[in-house]
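One line per chain: the protein sequences are A and B, in this order. Under the numbering used here, think of the first position of the first sequence as 1, with each following residue one higher. Under the numbering used here, think of the first position of the second sequence as 1, with each following residue one higher. Idealized CB from N, CA, C, for every residue including glycine.
Protein chains: 2
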Amino acid sequence: MERKIPQATAKRLPLYYRFLNNLQHQGKSRVSSKELSLAVKVDSATIRRDFSYFGALGKKGYGYNVEYLLGFFRKTLNQDELTNVAIIGVGNLGTAFLHYNFLKNNNTKIVMAFDADPKKVGQDVEGVPIYPIDNLEEKLKDVRVAILTIPASEAQGVTERLVKAGIEGILNFTPARISVPNYVRVHHIDLAIELQSLVYFMNHYPLPDKEEI
Amino acid sequence: MERKIPQATAKRLPLYYRFLNNLQHQGKSRVSSKELSLAVKVDSATIRRDFSYFGALGKKGYGYNVEYLLGFFRKTLNQDELTNVAIIGVGNLGTAFLHYNFLKNNNTKIVMAFDADPKKVGQDVEGVPIYPIDNLEEKLKDVRVAILTIPASEAQGVTERLVKAGIEGILNFTPARISVPNYVRVHHIDLAIELQSLVYFMNHYPLPDKEEI
DNA sequence: ATCCTTTTGTGAAAAGAATCACGACTTCTA
DNA sequence: TAGAAGTCGTGATTCTTTTCACAAAAGGAT
């Protein structure tokens, strides 16, 4: 529980982790903050600063040892412990997640899904069982994280049931801003807003004048 | 092109817009920054500051007039002009977007999709035609924005074709960090990273001690 | 009319994040 | 072995964003 890692840094850690994995698969054994910067599109000084919160992980004049860094992040990101995840709502988006292979390079596993539609219940997508949403409380035993892909109108109600069932983290894909007790963490991903905000930036902001093909 | 709206503010605008719409549908004619704060979960001082970049939109002791504010944002967010969008890659995620009704409360419309699979090409999902990906350059005429939902390995190659075809904004759902010329804007949404970072925050950060049911 | 309550808009302060710039150390080359 | 080149780690700086806190204005009540 090392406090003091800035949130901005924490958000970049999984990104670094994935690219280091790529590097290792490519057989590279060392990497500089400059190379990494090119790959992940984050300023090299920022990368060095990010890493430095965890101590001196690199060597001057050499860079970072890929394997060592990877091992370090594996521990830091809890890659050894698997986090079980449930999908709530097997619509188009929910189905997309069921097919998404989170396990690769990741410490999370989708272990069950729920839906209100009796036609979907009982099926099995990619080995993941779909349960009736009425059984939420009963089935959610070893699951701490839920991905919410249901209609916005259901969001708050279902959220309250999730919380009672012991969920501690919610990835909310509905447009609703849900309320939760303070021990539950919610991340919002609002697809319509992302699209709209991209368009706004295109229309109103002179481009930052960086990157090239 | 009013420069000087902070990016953080710009990202919240579509959110405000949507909630104001909700309020209007509920028949409310006035709203205070405090009420709005409760609904969108953004500090009320931040909301007032955000609004203030556009001038004095409210009245002291009263709050904001919903209709007036809405009209103002409609103009600011370009709600009157429709932005055409193309989906690149009709897999599970791409299909989910095709079914997603962006038009409601939104100034964007999905007008076409592309896929490499001959079995998908020629079909029509929710009135949106699916073209072969080879025809990208030919078909993308009045489209400025693309949503990228293809395998990561294809991302950079297809991106370069999109850019040549005149695309100016890309919503990238692949894990690849794509390179583009500086006049093209890219927003990354990396689902695996979002999930991983939620787990990291759950494990490492004492909860911020706010919100309640 | 008067007073009380509500609520904005914004200076000023604080917090958070990115970037600059350079000393120190390492590796590489000859 | 010596000199050149490369790269980290980090103080200091700058930039961005959030939050505090309060004067000024408006509405509402009696």
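Sequence-distant residues of the same chain with beta carbon closer than 7 Å to residue i, five excluded per side
i, result
"residue 190 of chain A", "175"
"residue 62 of chain A", "30"
"residue 44 of chain A", "33, 34 and 37"
"residue 204 of chain A", "none"
"residue 78 of chain A", "107"
"residue 214 of chain A", "Because chain A is modelled from 1 through 213, residue 214 of chain A falls outside the range shown and cannot be assessed."
"residue 285 of chain A", "The displayed coordinates of chain A run from 1 to 213. Any statement about residue 285 of chain A would go beyond what the structure contains."
Exposed unless 16 or more other CB atoms sit within 10 angstroms - verdict on residue i
i, result
"residue 197 of chain B", "buried"
"residue 122 of chain A", "exposed"
"residue 49 of chain A", "exposed"
"residue 153 of chain A", "exposed"
"residue 141 of chain B", "exposed"
"residue 16 of chain A", "buried"
"residue 126 of chain B", "exposed"
"residue 69 of chain A", "buried"
"residue 19 of chain A", "buried"
"residue 23 of chain B", "buried"
"residue 115 of chain B", "buried"
"residue 103 of chain B", "exposed"
"residue 94 of chain B", "buried"
"residue 157 of chain A", "exposed"
"residue 28 of chain B", "exposed"
"residue 182 of chain A", "exposed"
"residue 120 of chain B", "buried"
"residue 6 of chain A", "exposed"
Chain B contact residues for residue i, given Cβ-Cβ distances below 7 Å
i, result
"residue 217 of chain A", "Residue 217 of chain A falls outside the range modelled here, since chain A spans only 1 to 213, and no answer is possible."
Per-residue contacts from residue i into chain A (C-beta, under 7 Å)
i, result
"residue 216 of chain B", "Outside the shown range of chain B, which is 1 to 213, sits residue 216 of chain B, and nothing can be said about it."
"residue 25 of chain B", "Near residue 25 of chain B there are no residues of chain A at all, since even the closest Cβ is about 13 Å away, more than 7 Å."
"residue 100 of chain B", "191"
"residue 161 of chain B", "Within chain A, no residue comes near residue 161 of chain B; the closest Cβ sits about 11 Å away, beyond 7 Å."
"residue 15 of chain B", "193"
"residue 175 of chain B", "18"
"residue 39 of chain B", "177"
Beta-carbon contacts of residue i that lie in its chain and below 6 Å, excluding the five residues immediately before and after
i, result
"residue 129 of chain B", "112"
"residue 143 of chain A", "84 and 86"
Cut-off 8 Å between Cβ atoms - residues of its own chain near residue i, not counting five sequence neighbours on either side
i, result
"residue 164 of chain A", "137"
"residue 161 of chain A", "136 and 137"
"residue 97 of chain B", "87, 110, 147 and 149"
"residue 180 of chain B", "159, 163, 170 and 186"
"residue 76 of chain A", "13 and 54"
"residue 4 of chain A", "53"
"residue 145 of chain B", "83, 84, 85, 86, 108, 167, 168, 169, 170 and 171"
"residue 132 of chain B", "114, 115, 116, 118 and 121"
"residue 124 of chain B", "130"
Chain-ordered chain A contacts of residue i [CB-CB under 9 Å]
i, result
"residue 201 of chain B", "7, 10, 11, 169, 185 and 187"
"residue 46 of chain B", "The contacting residues do not exist; residue 46 of chain B stays about 14 Å from chain A at best."
Neighbouring residues, chain B, relative to residue i (Cβ below 8 Å)
i, result
"residue 107 of chain A", "196 and 199"
"residue 130 of chain A", "Result: empty, since nearest Cβ-Cβ is about 15 Å, beyond 8 Å."
"residue 214 of chain A", "Since the displayed chain A opens at 1 and closes at 213, residue 214 of chain A lies outside it and no answer follows."
"residue 78 of chain A", "199, 200 and 203"
Option nearest residue i by Cα separation, candidates the options
i, options, result
"residue 90 of chain A", "A:142, A:44, A:173 and A:39", "A:173"
"residue 11 of chain B", "B:84, B:47 and B:199", "B:47"
"residue 178 of chain B", "A:200, A:41 and A:59", "A:41"
"residue 228 of chain A", "B:101, B:19 and B:7", "Outside the shown range of chain A, which is 1 to 213, sits residue 228 of chain A, and nothing can be said about it."
"residue 155 of chain B", "B:188, B:21 and B:131", "B:188"
"residue 118 of chain B", "B:57, B:103 and B:134", "B:134"
"residue 199 of chain B", "A:195, A:184 and A:199", "A:184"
"residue 9 of chain A", "A:79, A:132 and A:73", "A:73"
"residue 99 of chain B", "A:71, A:124 and A:151", "A:151"
"residue 21 of chain A", "A:71, A:51 and A:60", "A:71"
Residues that residue i contacts on chain B, provided the C-beta gap is smaller than 9 Å
i, result
"residue 95 of chain A", "92, 95 and 96"
Which whole runs of the beta strand (DSSP E) in the segment 96–124 of chain B are 3 residues long or more, in chain order? Counting only runs of 3 or more, we get 108–115.
Within the segment 39–108 of chain A, ranges of the alpha helix (DSSP H) (whole runs, at least 4 residues): Taken in chain order, the whole alpha helix (DSSP H) runs of length 4 or more contained in the segment 39–108 of chain A are 44–52, 66–76 and 92–99.
Ignoring anything shorter than 4 residues or poking outside the segment 148–207 of chain B, list the alpha helix (DSSP H) runs there in chain order. With a minimum length of 4 residues, the continuous alpha helix (DSSP H) runs that stay inside the segment 148–207 of chain B are 152–164 and 191–204.
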